[in-house]
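Numbered per the numbering used here, the sequence shown spans residues 73 to 589.
Idealized CB from N, CA, C, for every residue including glycine.
Being a predicted model, the structure only gives us computed values, none of them experimental.
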Amino acid sequence: MDMVDAVPDTDVLVVGAGPAGLALACALRLQGVSVRVVDAAPGPASTSRANILHARGAEVLDRLGALGELPERALTALTVTQYLDGRSAITVRFGDHGLGTARPALYVSQADIEAELRRRLHELGAGIDWGTALVDAAQDGHGVTGVLDDGRTVRCRWLAGCDGSHSTVRKLAGIGFPGVRLTEPFLLADVHADMPVDRAGGHGWPHRDGPFFAVPMREVGRAHDLWRFMVYDPAGGDSVQGEQEVLERIRRLVPERTGRTDIRIEHAVWTSVFRVHRRLADTYRRGRVLLVGDAAHIHSPLGGQGMVTGMGDAENLAWKLALVVRGLSADALLDTYEAERRPLATGVLARTTTATRLQVGDTPLMRFLRRRVLVPLAAMPSVQRRASRLASQLWVTYRNGPLARGTRYRSGGRPRQGDRVPDLPCTRPDGTRTRLHAELGAQWALLAPAGDGADHLTEARGRLGDAVAALDFETRHGRRELWLVRPDAHLAWRGGRTEASRLARWLDESMHPNRSG
73 MDMVDAVPDT DVLVVGAGPA GLALACALRL QGVSVRVVDA APGPASTSRA NILHARGAEV
133 LDRLGALGEL PERALTALTV TQYLDGRSAI TVRFGDHGLG TARPALYVSQ ADIEAELRRR
193 LHELGAGIDW GTALVDAAQD GHGVTGVLDD GRTVRCRWLA GCDGSHSTVR KLAGIGFPGV
253 RLTEPFLLAD VHADMPVDRA GGHGWPHRDG PFFAVPMREV GRAHDLWRFM VYDPAGGDSV
313 QGEQEVLERI RRLVPERTGR TDIRIEHAVW TSVFRVHRRL ADTYRRGRVL LVGDAAHIHS
373 PLGGQGMVTG MGDAENLAWK LALVVRGLSA DALLDTYEAE RRPLATGVLA RTTTATRLQV
433 GDTPLMRFLR RRVLVPLAAM PSVQRRASRL ASQLWVTYRN GPLARGTRYR SGGRPRQGDR
493 VPDLPCTRPD GTRTRLHAEL GAQWALLAPA GDGADHLTEA RGRLGDAVAA LDFETRHGRR
553 ELWLVRPDAH LAWRGGRTEA SRLARWLDES MHPNRSG
């Protein structure tokens with residue numbers, strides 16, 4: 073039997089079991105899509121590159137049912153104290169700044185987040201093949217045949233590359249990854265240390281030779297003296313190789329950069345040396361191959377935008393891929409994934425690049441800007457609120473994307489097509505109370521005032537399948553209108569109680585191009 077005629081082993085082969093790959097796999101399983109997850113690593117990571125998940129990422133976990141006990145174990149707000157001339161100059165607060173979410177930022181290890189996602193994936197009936205690398209892939213009009221490092225083949229309908237900045241999937245698909253290197257080496261280390269500073273937040277010491285950052289780490293089973301150090305080291309980082317060399321170099325730099333002699337480093341849990349790059353894939357899709365997270369975009373870690381952006385990619389792609397796999401939409405719908413997510417990545421790259429250059433720049437102008445301009449600005453509550461909101465990614469909207477068309481209503485304070493819909497209190501048809509985001513992830517939601525929406529629900533389920541929840545909600549704006557909300561909590565359509573046919577037409581034209589006309 074020819075491979076093009078073969079029954080696929082799985083609907084989607086997910087390469088990479090990091091946060092983006094696990095989030096994608098969970099979201100697909102929630103919507104009834106079969107997945108297989110492979111990862112070249114021998115097992116789960118016990119150490120963590122990232123230690124913050126901003127509010128949008130926490131909402132994604134909530135919709136996936138993967139929050140677990142993370143909110144109880146994590147900090148939900150963090151202060152960052154900046155020092156000048158050995159003294160505290162400013163304390164900036166990040167986290168829940170009146171952002172209107174029940175799921176604020178989580179200051180917790182990436183390793184713990186991945187553990188909760190693996191737990192949820194197991195609940196959903198899927199596992200991970202560790203120590204399994206993809207080494208080749210060939211696609212045709214019906215699917216993709218992947219070759220694993222042990223010689224086995226996997227036949228899938230779609231291949232998702234969630235395998236990081238050095239993505240094998242991206243290379244096999246021939247997708248370019250242009251960009252530039254932004255910095256010389258940073259030293260990164262998770263260390264047990266005696267730090268006579270407040271563990272309620274992070275600390276930063278600007279220095280003409282490069283900044284020094286210290287952030288408290290809170291991980292299950294770890295002692296309360298665990299810190300993450302990140303040190304910019306353009307002068308000596310190139311010569312540092314092993315863990316002990318990194319640790320000794322940081323010990324030397326501590327008094328030089330901070331001016332303190334009372335910081336004692338005991339030993340390291342994990343170390344790394346890295347340079348910051350800015351890169352963006354030429355495309356997120358090539359035929360039946362799709363890129364997610366760091367495989368599609370990488371940027372500076374300053375601001376903690378990597379994990380939240382990758383998980384947002386995954387959730388956006390999952391519901392679209394589920395419709396295609398289930399035969400409810402043509403694969404042209406997948407082109408809207410890049411159209412909606414790539415502009416966000418472009419903005420993240422630009423902002424993190426600017427922040428990094430301001431932090432590490434050693435010209436007189438950059439030093440002046442840090443000391444005389446940025447510090448006073450950062451002290452302003454309005455600036456802190458804006459920075460927290462920007463980092464949260466709750467503001468993300470797709471209103472300029474290809475799916476945000478067809479509404480005749482002005483906003484009037486209500487979400488526009490493509491906007492994120494807050495976690496509204498709702499009522500199920502049986503009268504039980506619920507909240508909107510608890511109903512999403514596995515399904516769509518049609519929000520309608522009590523007694524309205526039967527015709528709309530029929531039209532929606534006729535095109536999206538049965539996975540459309542009917543929920544009552546009371547609009548605060550005195551207008552009886554209906555909202556169709558996507559599984560990723562963005563508003564798909566908004567209209568009046570007598571406009572079921574207009575909803576049907578919008579679904580045909582926007583969500584199901586194979587049915588238009």
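Delimiting residues of the alpha helix (DSSP H) encompassing residue i
i	result
Leu-409	The question names Leu, but residue 409 is Tyr in the sequence shown. First-last of the alpha helix (DSSP H) with Tyr-409: 407-432.
Gln-211	Premise fails: Gln-211 lies in the beta strand (DSSP E), 206-211, not in any alpha helix (DSSP H).
Asp-184	182-195
Arg-577	572-578
Leu-244	240-244
Pro-448	447-450
Local conformation of residue i per DSSP, three classes
i	result
Ala-514	coil
Glu-315	helix
Phe-440	helix
Met-267	coil
Ala-143	Note that residue 143 corresponds to Pro in the displayed sequence, not to Ala. Three-state DSSP puts Pro-143 in a helix.
Val-540	strand
Trp-391	helix
Val-87	strand
Pro-494	coil
Val-364	coil
Thr-330	helix
Ala-177	coil
Arg-569	coil
Leu-96	helix
Ala-261	strand
Gly-41	Coverage of the chain is limited to positions 73 through 589, which leaves residue 41 absent and any answer about it impossible.
Val-219	strand
Leu-563	strand
Arg-533	helix
Arg-101	helix
Ala-520	strand
Thr-499	strand
Gly-550	With a pLDDT of 49 at Gly-550, under the threshold of 50, the modelled position of this residue cannot be trusted; read the value that follows with caution. In the structure shown, Gly-550 sits in coil (DSSP, three-state: anything other than H, G, I, E or B).
Leu-150	strand
Integer-rounded CB distance, given that residue j should sit under 8 angstroms from residue i
i	j	result
Val-219	Val-207	5 angstroms
Thr-424	His-371	4 angstroms
Val-493	Ala-561	6 angstroms
Val-348	Leu-254	4 angstroms
His-509	Glu-131	6 angstroms
Leu-543	Leu-518	7 angstroms
Leu-178	Ala-138	Contact flag wrong, Cβ pair sits at about 12 angstroms.
Phe-545	Leu-496	6 angstroms
Gly-537	Arg-398	7 angstroms
Pro-268	Asp-334	5 angstroms
Environment of residue i [buried if 16+ CB atoms lie within 10 Å]
i	result
Leu-362	buried
Leu-125	buried
Val-445	exposed
Asp-212	exposed
Gln-431	buried
Met-289	buried
Glu-15	No answer is possible for residue 15: the residues shown for the chain start at 73 and end at 589.
Ser-160	exposed
Asp-385	buried
Val-79	exposed
Gly-365	buried
His-194	exposed
Thr-173	buried
Asp-502	exposed
Met-452	exposed
The beta strand (DSSP E) enclosing residue i, as first and last residue numbers
i	result
Gln-456	Gln-456 -> not in any beta strand (DSSP E); alpha helix (DSSP H) instead, spanning 453-464.
Leu-231	225-233
Gly-274	273-277
Glu-131	Here Glu-131 belongs to no beta strand (DSSP E); instead the alpha helix (DSSP H) covers 127-136.
His-339	336-346
Trp-555	553-557
Pro-288	284-288
Val-105	Element bounds for Val-105: n/a, residue is neither H nor E.
Val-303	298-304
Arg-507	505-507
Residues that residue i bridges to, as DSSP identifies them
i	result
Pro-250	Answer is none; Pro-250 lacks a bridge partner.
Ile-370	Arg-351
Thr-255	Partner(s): none; Thr-255 has no beta bridge.
Ser-160	Tyr-155
Thr-82	Cys-228
Ile-200	Val-109
Leu-325	In DSSP, Leu-325 forms no bridge with anything.
Thr-469	Asp-491
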